[in-house]
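Using the working numbering, the letters of the sequence shown correspond one by one to residues 9 to 374.
Worksheet: the structure to be examined is printed underneath.
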Amino acid sequence: MKKNINIFNISTSKINLLDLNRQDLRCFLVSLGAKSFCAEQIMYWIYHDYCNDFKKMYNISIKIRNQLYEKSYIFAAKFIEERVSCDGTIKWITLINNQKIETVYIPEKKRSTLCISSQIGCPLQCHFCATGKEGFQRNLKVSEIIAQIWQANKILKEKNITKNITNIVFMGMGEPLLNLKNVVSALKIILDEYGFGLSKRRVTLSTSGIVPALDKLNTMIDVSLAISLHAPNNYIRNMIMPINRKYNIDSVLNSAFKYFKSSNANRGGVTIEYVMLDGINDSNKNAQELAFLLRKIPSKINLIPWNSFFGSSFLCSDINRINIFANILRKKGFTAMIRKNRGQDIHAACGQLTSGMKSSLKKKFI
9 MKKNINIFNI STSKINLLDL NRQDLRCFLV SLGAKSFCAE QIMYWIYHDY CNDFKKMYNI
69 SIKIRNQLYE KSYIFAAKFI EERVSCDGTI KWITLINNQK IETVYIPEKK RSTLCISSQI
129 GCPLQCHFCA TGKEGFQRNL KVSEIIAQIW QANKILKEKN ITKNITNIVF MGMGEPLLNL
189 KNVVSALKII LDEYGFGLSK RRVTLSTSGI VPALDKLNTM IDVSLAISLH APNNYIRNMI
249 MPINRKYNID SVLNSAFKYF KSSNANRGGV TIEYVMLDGI NDSNKNAQEL AFLLRKIPSK
309 INLIPWNSFF GSSFLCSDIN RINIFANILR KKGFTAMIRK NRGQDIHAAC GQLTSGMKSS
369 LKKKFI
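Take a look at the structure:
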């Protein structure tokens, strides 16, 4: 703790409190001479009252509030653009230093999900994904990850939308495990009762399988895990996901199984994500291979109809082929779900997010 306090004391620049989870905030406040319990009070103001003005935090002493003004600030980058789909899905865009961050809100009857980004662009270059095709720009800071949730909640409250965000998925732009430190710190805020207070079973981290980082995650935090597998063998996965040449299917699934064994958030099994590509990975044989591959791993399989984007040569498997594929898995005892695509008309569906994507639709600026 002393090391953290010294870092805060010698810092010459102001600290955005959205970059600090509760433990970090406690260290920072102690460095200002405050009691550590002030962290809970300040987090409640920020994440429950959506307050970013120290003057309004009346239960914090004036002395500490003055210190906070001098040493810190609270800033959540605003959404500059909102696109609304015909199915009710909303895509919000944040612009920071001419770089776009995309966030997607998906309302359903019994829940509402916020899909958030962890990077701008993505370095993995999966061939079926628009984000990967655009390339990598940078990792998001903790505050930039958290700001997506903070602003979404605030906007929904202002719109008098009573359906609160019940689920958060790290399935937006980027590979979360390549931004491990910031993603874990953000997850701590998301799960904290003084932060957003979500259950670990309602927060999902999706990864293509960065094995060393997944093994580290196992010791750092417990959330629902989704593996972007997308192929039943290494030959196909090598073709469509270059990362497989570094971390192949066996290594990824072994790491996922270790995470599952020590996890309380994944009691129902790890989610396996599988995009359906016509003539690539969707044959009966591929379904049987997938069932054999996952035979020892408690899992539920999410079949994702591929979403098109400009410049791609892939085709989506037709619905009959997807149903046949799903039924083969079900007969083998697996839970196989076909994901309903949302927000295709605003380029908000799975695999379509990209800071360079242009839309011909009318845009509503907010």
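Every residue, glycine too, gets a C-beta built ideally from N, C-alpha and C.
Because the structure is a prediction, the values reported are computed rather than measured.
Using a Cβ-Cβ cutoff of less than 6 Å, which residues in the same chain neighbour Ala239 once the five nearest sequence positions on both sides are dropped?
Result list for Ala239: Arg245, Asn289, in chain order.
As assigned by DSSP and simplified to three states, the class of Phe62:
For Phe62, the three-state secondary structure derived from DSSP is helix.
Between which two residues does the alpha helix (DSSP H) holding Glu116 run?
No alpha helix (DSSP H) holds Glu116; DSSP gives it neither H nor E.
Segment contact flag, the region 225-238 with the region 259-279, C-beta cutoff 8 Å, min 3 pairs
Judged by Cβ distances under 8 Å, the region 225-238 makes contact with the region 259-279, as three or more pairs qualify.
Whole-angstrom distance between Lys348 and Thr121, CA atom to CA atom:
Near 13 Å, if we compare the C-alpha coordinates of Lys348 and Thr121.
Would you list, in sequence order, the uninterrupted beta strand (DSSP E) runs of no fewer than 3 residues that lie entirely inside the region 130-167?
Those beta strand (DSSP E) runs which fall completely within the region 130-167 and span 3+ residues are 144-147.
In this structure, does DSSP put Ala239 in helix, strand or coil?
If DSSP states are grouped into helix, strand and coil, Ala239 belongs with coil.
Would you decide whether Ile68 is buried or exposed? Buried here means 16 or more other CB atoms lie within 10 Å of its CB.
With 16 or more Cβ atoms within 10 Å of its Cβ, Ile68 is classed as buried.
Other residues of its chain near Val44: CB distance less than 8 Å, five sequence neighbours each side excluded
Checking the sequence, you will find Ser at residue 44 rather than Val. Counting only Cβ-Cβ distances below 8 Å, and skipping sequence neighbours, we find Arg34, Leu37, Val38.
Would Ala160 pass as a contact of Ile169 if the rule is Cβ separation under 8 Å?
No. Outside cutoff.
Quick one: what does DSSP say Phe178 is sitting in, helix, strand or coil?
Strand at Phe178.
Limits of the beta strand (DSSP E) - the one that Phe313 falls within:
Before going further, note that residue 313 is Pro rather than Phe in the sequence given. Element bounds for Pro313: 307-313.
Helix, strand or coil at Leu369 [DSSP, three-state]:
Low confidence applies to Leu369: its pLDDT is 35, below 50, so where it sits in the model is not reliable, and the reading given next is rough at best. If DSSP states are grouped into helix, strand and coil, Leu369 belongs with coil.
Paired residues, beta bridge with Glu281 - DSSP
Beta-bridge pairing links Glu281 to Ser236, Asn310.
Same chain, Cβ closer than 7 Å to Leu199, neighbours up to 5 away in sequence not counted:
Closer than 7 Å at the Cβ level, and outside the excluded window around Leu199, lie Leu206, Lys208, Val211.
My guess is that Phe317 and Ala84 are in contact by the Cβ rule of under 8 Å, so how many angstroms apart are they, rounded?
With a beta-carbon spacing of about 29 Å, Phe317 and Ala84 fall beyond the 8 Å limit used to define contacts.
In whole angstroms, what separates the C-alpha of Met9 from that of Ile176?
The predicted position of Met9 is uncertain, since its pLDDT is 40 and thus under 50; a value taken from the coordinates is nonetheless stated next. Distance between Met9 and Ile176, taken at the CA atoms: about 30 Å.
Would Glu48 and Ile109 qualify as a contact pair, given that the criterion is a beta-carbon distance under 8 Å?
For Glu48 and Ile109, no; Cβs fall outside 8 Å.
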